[in-house]
Amino acid sequence: MSGALREAVLVLADGTTFEGEAIGWLPDDEVATGEVVFNTALSGYQEIITDPSYAGQVITFTYPHIGNYGVNPDDVESRAPACRGVILRDIARRPSNWRATDDLDTFLRRHRLAGLAGVDTRRLTRHIREAGAMPGAFALDETAARTAAADAAPTDGVDLVAQVTTPAAYTVGDAAAPFLVVAYDFGIKTTILRHLEAAGCQIEVVPASTPAADVLAREPDGVFLSNGPGDPAAVAGGAANVAALVGEVPVFGICLGQQVLGLALGGHTFKLPFGHHGANHPVRHEATGRVEITSQNHNYAVDVDSLPAHVELTHVNLNDGVVEGFRLRDVPAFAVQYHPEAGPGPHDATYLFDEFTALMAES
Amino acid sequence: MPRRDDLDTILIIGSGPIVIGQACEFDYSGTQACRVLRAERYRVVLVNSNPATIMTDPEFADATYVEPLDVPSLTRIIEKERPDALLPTLGGQTALNLAVALDEAGVLERSGVELIGASIEAIRTAEDRSRFKAAMTEIGLSVPRSGFAYGVDEALVVAEEVGYPLIVRPSFILGGGGTGIAHDVDSLREIATRGLAASPVSEILLEQSVAGWKEYELEVMRDHADNVVVICSIENLDPMGVHTGDSITVAPVQTLTDVEYQRMRDAAFACIRRIGVDTGGSNIQFAVDPRTGEQVVIEMNPRVSRSSALASKATGFPIAKIAARLAVGYRLDEITNDITGETPASFEPTIDYVVTKFPRWAFEKLPGASPVLGTMMQSVGEAMAIGRTFAESLQKAIRSLETGRFGLNCDPVEVAYDGLSDDELVRVAAVATPERIFQVEAALRRFLPVERVHEATDIDPWFLDQMLQIVEERDRLGALSADRMTRADWRRAKRYGFSDAQLAHLWDVDVAQVRDARMATGVVITYKTVDTCAAEFEAHTPYHYGTHEDEDELAPLTRPAIVILGSGPNRIGQGVEFDYCCVHAAFALRDAGYETVMVNCNPETVSTDYDTSDRLFFEPLTEEDVRDVCDALSRAGTRGGGELVGVIVGLGGQTPLKLAHALERVGIPVLGTSPDSIDLAEDRERFNALCERLGIPQPPGGTATGPEAARAVAREIGYPVLVRPSYVLGGRAMQIVYDEAALDSAMAELGIAGSLGREGGLSAERPALIDRFLEDAIEVDVDALRDASGEVVIGGVMEHIEEAGVHSGDSACAIPPPTLPPAVVVTIEAHTRALADALDVRGLLNVQYAVKDGEVYVLEANPRASRTVPFVSKATGVPLAKAAARVMCGATLAELRDEGVLRPPATGGHIAVKEAVLPFSRFPTVDTLLGPEMRSTGEVMGIDNSFGLAFAKSQSGAGNRLPEQGTVFMSLADRDKPDGLLAARRFVELGFSVSATAGTAAALEDAGVPVESVVAKVGEPVGVDAVELISSGKVDLVVNTPRGRGPRADGAHIRQAAVIHRVACVTTVAAALAAAAGIAEATTREPTVRALQEYHADGQLRLEV
Ligand SMILES: Nc1ncnc2c1ncn2[C@@H]1O[C@H](COP(=O)(O)OP(=O)(O)O)[C@@H](O)[C@H]1O
Ligand SMILES: Nc1ncnc2c1ncn2[C@@H]1O[C@H](COP(=O)(O)OP(=O)(O)O)[C@@H](O)[C@H]1O
Ligand SMILES: [Mg+2]
Ligand SMILES: [Mg+2]
């Protein structure tokens, strides 16, 4: 709310409009366009904004006060935000936290990220819940926004991963670590790398399009399939490469990684009406019957019935029954749809990283 | 594993009388538990000594015992009912401690009662601070440095290791009783002494003080399969050092990054697992160093708590209900979330609004107590408000308090600190008091830097900046005016939580003008829904809050709807009794086919449970907020074909009653007794005229605005006189004066503007009322019911134990009247009927009488539900509140009898005694003397087949356990000596030895009553004085009646000593005689335990008409 108030408007593809005021980086002639989704987490906006899985999307925060604790150099999931914009009710003017180095508005401007504040985000959320996630655009100029929203293409079939994957391979962690893991970067979150490292892995992060052969040539103890944005079916070469790796080395996938593994196994994926984006989704771990409160961020899911018989369902979403995890009975490969690494979110499922290293130790 | 089928009967223990630190939040949790367990087809046995509660309604349990919450009576009940299990986690600290005591006494084992919810081991580890700290250290969680001491000298030694400043905290106490922060050896000595006395195990913890750190709470639930979830996170605006119960608290946490929040969550889970709470809710408190983020665990409560009630209302997740289910075998994922109707309860609610809780204190009623907030809870109630932003919820919370504030500023009181210099202002704000937030506002309004205010108060800069934004908005608005406001301006102001009343004050125009101008620009309130999921799923429960957004979520109204206005935050004089009435109205009207709508802002209550009414609006009870709700319902009616029938203002105490006129003025139908009748009863002159016309005697009296006039009136009517301001309630600032000197000083006090806080001084339109004080008169309370056809039913005639002069709310009373001659009762009933007719009452009427020498005087009539309604209903089995609600909506008493709603009173020869519970143990510096100003926070009921036994039960229920033998210490005012003799004789007959102060001793000995020892006056050099005698534990019962008044009057020390050393103490001869009767019977016959259901089934007589 610093500086003079600049009125702006959000227009959805179906023509619905919402008034608000510009925050972050939104020049007069700029229009922010993307698929509008909502996230219900109460904290962790910095991690969410920097999560590459939001590429091509505009994030609506359902919690009204965003920016309260500012931003800091540590709570980032990638070098720069990949999302197209943020929509919220109220942005903190005066952050307060001992780790804060800056306020959110400055952060948005530094990353040339557009924002819309003062919005009735609950109305927007209810609309998306009923009508489904859809493209939208916001700008100071309503007609510009309206046109952009009308022209905006849906993300289905678009390879958003190409926009966020690393151009060149790089290595994280200690060469002396017990395990060498090759991680496909579909838009990998820093927290995942931290967890793998903590679990005793050195990680070679490779571009999404890296052929299976090149991966095997690195003689990894295991392969990790990262999270990432958009439609799994559109990830160029993803499924084919993974298909060639399954059975060769232990495989662990998270989020988009699970979807790509599902496709590699001959299954197919579908789009959820408005996805799962939050930090409070209950998931049952079938093996123990225990409920895990999970961090989630995905619009697509694997169709359980499309998976081959040697696939065992390991985790299920208690809200809507969506597949949250599966493993292969015959070969060392498993994946989850949610985010055991949290960042942001609960730590209920961090055990999965140890299961991965255990799997690598066995084979 | 779902429902446990191996259990049949489950015993639930309530939390007893409302006391500071344990208010009606436990009525809420207990009621939920009873409802759930019965729905699960268990046989529920409930014990609670508090008759004002909803849970003790016969319909909520299979067997309801209103009996003292102590081991003997619980043992009797257990042996009689043979429960399979005891659920102790929903009745606060009282229930937990009692469970432990029953276990130690071997009762549970002997009767094969299984403890469900939390094991003895878990309770001990959590409640005993030494074990708790050991346990936390064991699992690697840090706790403040500390050591234990069992004596003052030991404390001084330990303090050297821990270092100053340090906080002293007794083990096994509630609400922080007896705790305090010591900065040096001397303060430690004093605080340690109090602490050791407060702890039942005389153990105190000396702990490194982290005052000034940020304070957080997590509400956590766990099931037997070890699934654990956080229901709600709470951040205290006031830093560590101010008890959470006295802090302004906010949900969810605002200033923690996800990294730090998750660390806290992990710690909370580790804690609940280590403590071993098998199932249910727990509250875990943390302190965080704002400079480093270092986090320490402060305490955990292995039970539902005040904060769980808050968390339930803040999120829509019914913690107590779920806790009860978990206790009988369900897992979180086996229970569905009521609100979404499809998703399971095994999740963490997420919210899209901000909740602010604001405490309400009663210092103005406790002269001698200093209003400084510390580690010991002192508030008597709280209001909660929901807004889309903190600013909005804070301003709503403040106007919910009914302390005369319209919001954070923009009201007549905002100038309060203008007189102070910047430095003075910062200095006063540095001390935590109920006023601090307004001092902070004043500082920010002068644009003192946020940093400086933060330095002084340790309030987080984020909160300060939010308040600064309100202040800046105030400035912006100040430059505008109602007619120059654009739609955007209105919307912005409203989004900062400004009420029309605030703007009217700011612009010095009347509210109507503001409202009209706003409406003209189309800015109308919208209602959002509390849904546990931030709109991710559709909500099926219409639990709403008002805010200013684009979209309104109210469903169309399809049936005739009735709005019931609740009673707002608990305060002395207005507590759970009124919530009881509102909840009953909701149930009765729902049964009668109406759509019921509740409006209230007290998170502790059953009325704010989302399934008590068909719709719940969690809103302040101000004219604007209530009117907005009604207008919105009318709009919803036009959409759905239903209509708003009207509003019930007569059941929630003074709070809604005050709104009657305003609502009527804007054309909202007020159901029940007409506002004009209410006025007729409340307006002094009009009421006098009415009584005159009806030939009903009143104490002679007059009004005066100055000392001269006052003397004249007094001379005319004769001393003693009762002096009080004409415009306050709950007996505020009443004084009994015996001579002119006292009268002058009383008038002088009333004269000082502001001596009554915000209520101002004397004036022509606000004169002092001066009445003849009827000495040694018997006071009588009557609750009656009248319908449109003119039929009147007398609900109950209550004879007070203490004489008139002790506020009706503070004196014990009995049904049926134990000593009133039948003829007097007949007169009283006749007067009551006459008044009911004259006031054209539709619903309840409460009349207070004083009977002197057979003559019946009326003191006041309140055409509304009174404090005593639930007590009468528990005593007689007649559901007065239910019937009243129906009558207000047009039903006749005859119809209700046919429907079976109204039943004749049970008169099976039993007698019920209500005793008041006073907060003195928390305010050791306050005189315990009872007077015309009400000071009790709660009540208990004793019920048995004789007066003596019922009275004895009421005393132990109130924590004033009567001795069976020993020494009675008597010190009587001269005018009490004649009757005092009778009491003394009875005690001697009962084998007590008597010791007394010189004067009293002489009087007794003259009359031939042997006096063991004559005690020196307090402070006299020779011999032991009374205080020393009491302190040395040589006294078992203190009878001390007032000589003169004022906190330092003679006798104050004696009563204080009694409180501090927990010696039973009565301050009137009447009570002394009752006590004698009680002791006599308690020692000769075993008290019986019987369920209300049994009493109510007894000797049904016809309702006499
Ligand atoms: N070590 C401490 N230093 C400073 N303040 C403290 C400390 N421990 C507790 N407090 C304050 O005292 C209050 C009451 O302490 P708590 O342990 O919660 O007792 P209770 O059982 O009364 O809730 C807390 O809310 C907190 O504000
Ligand atoms: N004339 C009187 N003589 C004796 N006691 C009185 C008299 N008037 C009031 N009282 C005492 O003062 C108490 C409070 O007065 P009341 O009129 O009931 O005020 P409130 O509205 O606060 O209940 C009464 O309960 C009664 O004990
Ligand atoms: Mg506490
Ligand atoms: Mg009264």
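As they're listed, the protein sequences go chains Z and X.
Under my numbering, the residue at position 66 of the first sequence is numbered 70, and the numbers go up by one with no gaps.
Under my numbering, the residue at position 912 of the second sequence is numbered 1330, and the numbers go up by one with no gaps.
Glycine included, C-beta positions come from ideal geometry on N, C-alpha and C.
In this text, all values refer to a predicted model and were calculated from it rather than measured experimentally.
Check: Does threonine 110/Z come within less than 8 Å of chain X when only Cβ atoms are used?
Finding: For the purposes of this step, residue 110/Z is identified with residue 106 of the first sequence, where counting begins at 1. False, the Cβ-Cβ gap to chain X never drops below 8 Å.
Checklist line | the segment 1314-1328 of chain X / the segment 1340-1349 of chain X touching (three or more Cβ pairs under 8 Å) | finding: The count of Cβ pairs closer than 8 Å, one atom from the segment 1314-1328 of chain X and one from the segment 1340-1349 of chain X, stays below three, leaving the stretches out of contact.
Notebook entry, point to check: Is there a Cβ from chain C that is less than 8 Å from the Cβ of aspartate 79/Z?
Noted result: Among the protein chains of the structure shown, namely Z and X, there is no chain C.
Notebook entry, point to check: So is the beta-carbon of glutamine 703/X under 7 Å away from any non-hydrogen atom of ligand 3?
Noted result: Residue 703/X sits at position 285 when you count from the first residue of the second sequence. Result yes, Cβ under 7 Å from ligand 3.
Notebook entry, point to check: For the putative contact between aspartate 878/X and glycine 48/Z, defined by C-beta atoms under 8 Å, what is the C-beta separation to the nearest angstrom?
Noted result: Taking the first residue of the second sequence as position 1, residue 878/X is located at position 460. Taking the first residue of the first sequence as position 1, residue 48/Z is located at position 44. Not confirmed; about 19 Å, so no contact.
Margin query: Tell me which residues share the same chain as lysine 275/Z and place their Cβ nearer than 7 Å to its Cβ, disregarding the 5 neighbours each side in the sequence.
Written below: Numbered from 1 along the first sequence, position 271 holds the residue referred to as residue 275/Z. Asp160, Asn303, Tyr304.
Item checked: Assumed close pair phenylalanine 765/X, asparagine 321/Z - CB separation to whole angstroms, cut-off 8 Å -> If you number the second sequence from 1, residue 765/X lands on position 347. If you number the first sequence from 1, residue 321/Z lands on position 317. That belief does not hold up - the Cβ atoms of phenylalanine 765/X and asparagine 321/Z are roughly 11 Å apart, past 8 Å.
Notebook entry, point to check: Would you report the Cα separation of alanine 1248/X and glutamate 1110/X, rounded to the nearest angstrom?
Noted result: For the purposes of this step, residue 1248/X is identified with residue 830 of the second sequence, where counting begins at 1. For the purposes of this step, residue 1110/X is identified with residue 692 of the second sequence, where counting begins at 1. Approximately 15 Å between the Cα atoms of the pair.
Notebook entry, point to check: Would a check of beta-carbon distances place histidine 199/Z closer than 8 Å to chain X?
Noted result: Locating residue 199/Z in the first sequence gives position 195, where the first residue counts as 1. So, not an interface residue.
Next item on the list: Report the three-state DSSP secondary structure of proline 420/X (helix, strand or coil).
Entry: Within the second sequence, the letter at position 2 stands for residue 420/X. Of the three classes helix, strand and coil, the one that applies to proline 420/X here is coil, per DSSP.
Notebook entry, point to check: Among Pro1281/X, Val1242/X, Val1265/X, Asp696/X, which one has its Cα closest to the Cα of aspartate 1258/X?
Noted result: The residue given as residue 1258/X occupies position 840 in the second sequence. Looking at the Cα atoms, Pro1281/X is the closest of the given residues.
Margin query: Within 10 Å of its beta-carbon, does glycine 347/Z have 16 or more other beta-carbons around it, so buried, or fewer, so exposed?
Written below: Against the first sequence, residue 347/Z aligns to sequence position 343. Its Cβ being crowded by 16 or more others within 10 Å, glycine 347/Z is buried.
Check: Which residues mark the beginning and the end of the beta strand (DSSP E) in which tyrosine 483/X is found?
Finding: On the second sequence, position 65 is the one that residue 483/X refers to. Looking at the DSSP string, the run of the beta strand (DSSP E) that includes tyrosine 483/X is 481-483.
Check: Per DSSP, aspartate 189/Z is paired with what?
Finding: Here residue 189/Z corresponds to residue number 185 of the first sequence, with the count starting at 1. DSSP, once it has assigned bridges, lists Pro211/Z as partnering aspartate 189/Z.
Check: Does the Cβ of aspartate 1157/X have 16 or more other Cβ atoms within 10 Å, making it buried, or fewer, making it exposed?
Finding: Within the second sequence, residue 1157/X is the residue found at index 739, counting from 1. Exposed: under 16 other Cβ atoms inside 10 Å.
Checklist line | leucine 526/X - DSSP class collapsed to helix/strand/coil | finding: Locating residue 526/X in the second sequence gives position 108, counting from the first residue. In the structure shown, leucine 526/X sits in a helix (DSSP, three-state: H, G or I).
Check: What whole-angstrom Cβ distance do tryptophan 880/X and alanine 96/Z have, given they're in contact under 8 Å?
Finding: Position 462 of the second sequence holds residue 880/X. Position 92 of the first sequence holds residue 96/Z. Rounded, the Cβ-Cβ distance is 7 Å, consistent with contact.
Notebook entry, point to check: Is the segment 625-640 of chain X touching the segment 701-720 of chain X, taking contact as three or more C-beta pairs under 8 Å?
Noted result: The segment 625-640 of chain X makes contact with the segment 701-720 of chain X, as at least three CB pairs between them are under 8 Å.
Next item on the list: Indicate whether at least one CB of chain Z lies closer than 8 Å to the CB of valine 715/X.
Entry: Taking the second sequence and counting its residues from 1, one reaches residue 715/X at position 297. It does not: the Cβ of valine 715/X has no partner Cβ on chain Z nearer than 8 Å.
Check: According to the Cβ coordinates, are aspartate 79/Z and asparagine 301/Z closer than 8 Å?
Finding: In the first sequence, the residue the question calls residue 79/Z occupies position 75. In the first sequence, the residue the question calls residue 301/Z occupies position 297. No; because the gap between Cβ atoms is not below 8 Å, this pair is not in contact.
Notebook entry, point to check: If you drop the 5 nearest sequence neighbours on each side, which residues of the same chain put their C-beta closer than 6 Å to that of leucine 1519/X?
Noted result: Position 1101 of the second sequence, counting from 1, holds the residue named residue 1519/X. Residue placement at leucine 1519/X is flagged as unreliable, the pLDDT there being 42, under the threshold of 50; the coordinate-derived value follows with that caveat. For leucine 1519/X, where only same-chain residues beyond five positions count, the Cβ hits under 6 Å are Pro1322, Thr1325.
Check: Between histidine 351/Z and chain X, is there a C-beta pair that is closer than 8 Å?
Finding: Position 347 of the first sequence holds residue 351/Z. So, interface residue.
Check: At what residues does the beta strand (DSSP E) containing leucine 267/Z begin and finish?
Finding: Your numbering for residue 267/Z matches position 263 in the first sequence. Careful: leucine 267/Z lies outside any beta strand (DSSP E), inside the alpha helix (DSSP H) at 260-268.
Margin query: Taking the beta carbon of glutamine 1383/X as the centre, do at least 16 other beta carbons fall within 10 Å, making it buried, or is it exposed?
Written below: Walking along the second sequence from the start, residue 1383/X turns up at place 965. Exposed, since its Cβ has fewer than 16 Cβ neighbours within 10 Å.
Next item on the list: For the alpha helix (DSSP H) holding tyrosine 679/X, just list the boundary residues, first then last.
Entry: As a working mapping, residue 679/X is identified with position 261 in the second sequence. From DSSP, the alpha helix (DSSP H) with tyrosine 679/X extends over 676-693.
Notebook entry, point to check: Can a CB atom of chain X be found closer than 8 Å to the CB of glycine 19/Z?
Noted result: Taking the first residue of the first sequence as position 1, residue 19/Z is located at position 15. It does not: the Cβ of glycine 19/Z has no partner Cβ on chain X nearer than 8 Å.
Next item on the list: Starting from threonine 159/Z, follow the beta strand (DSSP E) in both directions and report where the run begins and ends.
Entry: Here residue 159/Z refers to the residue found at position 155 of the first sequence. It is not in any beta strand (DSSP E) - threonine 159/Z carries neither H nor E in the DSSP assignment.
Margin query: Short of 8 Å Cβ to Cβ, which residues in the segment 78-97 of chain Z face chain X?
Written below: Asp78, Asp79, Arg93, Asp94, Ala96, Arg97
Notebook entry, point to check: From lysine 731/X to leucine 1399/X, what distance separates their C-alpha atoms?
Noted result: Taking the second sequence and counting its residues from 1, one reaches residue 731/X at position 313. Taking the second sequence and counting its residues from 1, one reaches residue 1399/X at position 981. Their Cα atoms are separated by approximately 54 Å.
Margin query: Please identify the residue among Leu311/Z, Ala172/Z, Val35/Z whose C-alpha is closest to the C-alpha of alanine 152/Z.
Written below: Residue mapping note: residue 152/Z aligns to position 148 of the first sequence, counting from 1. Comparing Cα positions, the closest option is Val35/Z.
Check: DSSP three-state call for glutamine 672/X: helix, strand or coil?
Finding: For the purposes of this step, residue 672/X is identified with residue 254 of the second sequence, where counting begins at 1. DSSP places glutamine 672/X in the coil class of the three-state scheme, outside both helix and strand.
Check: Which one or two residues does DSSP pair with glycine 1119/X in a beta bridge?
Finding: One-based indexing of the second sequence puts residue 1119/X at position 701. Its beta-bridge partners are Asp1189/X.
Next item on the list: Pull up the distance between the alpha-carbon of threonine 2/Z and that of glutamine 992/X, whole angstroms please.
Entry: Only positions 5 to 367 of chain Z appear in the structure, and residue 2/Z is not among them; the question remains open.
Next item on the list: Using only the heavy atoms of ligand 1, determine whether one of them is closer than 7 Å to the beta carbon of threonine 793/X.
Entry: Start at 1 with the first residue of the second sequence, and residue 793/X comes out as number 375. Result yes, Cβ under 7 Å from ligand 1.
Next item on the list: Just the chain X side, please: which residues come within less than 7 Å of tryptophan 29/Z by C-beta, in chain order?
Entry: By one-based count along the first sequence, residue 29/Z stands at place 25. Residues of chain X passing the Cβ test: none, with the nearest at roughly 23 Å.
Margin query: On the criterion of 16 or more Cβ atoms from any shown chain inside 10 Å, does aspartate 1027/X qualify as buried, or is it exposed?
Written below: Translated into positions along the second sequence, residue 1027/X becomes position 609. Taking all protein chains in view, the Cβ of aspartate 1027/X is crowded by 16 or more other Cβ atoms within 10 Å, so the residue is classified as buried.
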